[in-house]
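> So the sequence shown is residues 30 to 168, counted in my numbering.
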Amino acid sequence: MTDGTGNLAKSLWAMLKRKAPNTQTVKLLESGQDIDYQQAVIDLEPIASDPDVVKLLDEVRSLLASNQELAAKVEALLVQARIEPKIVQVMASDIEGVNLRAKSMKQTAPSVSGSVEQSMLKNVKVTGDIDLGDLTQEA
């Protein structure tokens with residue numbers, strides 16, 4: 030990474046932590062995990078018109094205009110994000126109770142999706158009986 034790119038990356042990271050601290054994107058970056066670029070766009074949309082953000086984005090655009098190799102890499106990421114949308118489906122998550130009864134639960138993702146992540150009955154804490162019926166996930 031060139032000094033200019035490194036400085037911009039540091040500035041962007043500092044601004045994200047300051048202006049959008051509770052977003053999923055910032056939390057994932059803080060924990061060193063990969064981010065979902067589509068979610069990042071959603072998370073950052075509310076601050077996109079902030080004058081500081083606009084100024085920083087202008088600097089990023091200027092850098093991309095002067096560095097064709099970096100611009101090509103960014104464009105490839107954009108194309109990949111458009112081609113391979115990620116679908117995340119969560120059903121019946123973070124439930125606590127004495128008894129749990131789930132008769133019919135179904136998750137279906139469109140067949141055209143590039144990446145599908147489905148979870149069902151995640152982080153369930155039940156001290157009594159669990160009665161599960163027809164639980165189906167399709168992708």
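Glycine residues also receive a C-beta, built at the ideal position from the N, C-alpha and C atoms.
Just the Cα atoms here: how many angstroms apart are alanine 100 and tryptophan 42?
19 Å
> Does valine 55 pass the burial test, meaning 16 or more other C-beta atoms within 10 Å, or should it be called exposed?
buried
> Name the residue from Ser148, Ala38, Val117, Thr165 whose alpha carbon lies nearest to the alpha carbon of leucine 92.
Ala38
> Expressed to the nearest angstrom, what Euclidean distance is found between the alpha-carbon atoms of threonine 137 and leucine 150?
15 Å
> What is the DSSP secondary structure of glycine 126, reduced to helix, strand or coil?
strand
> For the beta strand (DSSP E) that glutamate 146 lies in, which residues bound it at each end?
144-155
> Just list the residues that DSSP pairs glutamate 167 with in beta bridges.
Thr137
> Measure the Cβ-Cβ separation of methionine 44 and valine 82 and say whether it is below 8 Å.
Taking 8 Å as the Cβ cut-off, methionine 44 and valine 82 qualify as a contacting pair.
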